[in-house]
Amino acid sequence: MRCPKCGGSKSSVVDSRQAEDGHTIRRRRACEECQHRFTTYERVEERTLVVVKKDGTREQFSRDKIFNGIIRSAQKRPVSSEEIDAVVNRIEQKLRSNNEDEIESENIGNLVMQELAELDEITYVRFASVYRSFKDVSELENLLKQITKSAKKKKED
Numbered sequence: 001m002r003c004p005k006c007g008g009s010k011s012s013v014v015d016s017r018q019a020e021d022g023h024t025i026r027r028r029r030a031c032e033e034c035q036h037r038f039t040t041y042e043r044v045e046e047r048t049l050v051v052v053k054k055d056g057t058r059e060q061f062s063r064d065k066i067f068n069g070i071i072r073s074a075q076k077r078p079v080s081s082e083e084i085d086a087v088v089n090r091i092e093q094k095l096r097s098n099n100e101d102e103i104e105s106e107n108i109g110n111l112v113m114q115e116l117a118e119l120d121e122i123t124y125v126r127f128a129s130v131y132r133s134f135k136d137v138s139e140l141e142n143l144l145k146q147i148t149k150s151a152k153k154k155k156e157d
């Protein structure tokens, strides 16, 4: 593993533990050349998932695209990168558990919206406004009414 600071190729593992998701090993390493400490993550190499987009084109599944989309939606919100990473892990786990090699992009978007509805309502609305590409304000109003109803239900429970 190359050191991100000096580029040295020799490092030793200082600490190793299972990450919160249970499918990843988190390793703390120390560069033997400059003593810089850094973290690496190790996970099982999974089969390749292909995303089928609305226009019929296909591309390889990317966790980073989901993560970056949520990060943009969560700007200036009290949502940590660890929470977003956990959301992305759950989404990827659900997609891989379906045992399908091709996934409709719409299914991914719906999973993201389900997770964000639980995580943060404003982040959810921001994501939904881009994902659903509302044609007019009334569609956004309907979404806000749905969120308000579910928020009231949660408070009552």
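Here full-length UniProt numbering is used: the sequence shown runs in plain steps of one and ends on residue 157. Built from N, CA and C at the ideal position, the CB exists for glycine as well.
- Contact between Phe-61 and Val-51 holds, since their C-beta atoms are separated by about 5 Å, short of 8 Å.
- Each residue's CA atom was taken as its position, placing Leu-111 and Ile-25 some 25 Å apart.
- The continuous alpha helix (DSSP H) containing Arg-90 extends over residues 81 to 97.
- Residue burial annotation: Cys-31 is buried, with at least 16 other C-beta atoms found within 10 angstroms of its C-beta.
- Listed in chain order, the non-local C-beta contacts of Ser-73 below 6 Å within the same chain comprise Thr-123, Arg-126 and Phe-127, local neighbours out to five positions each way being set aside.
- According to DSSP, residue pairing for Val-13 in a beta bridge involves Arg-29.
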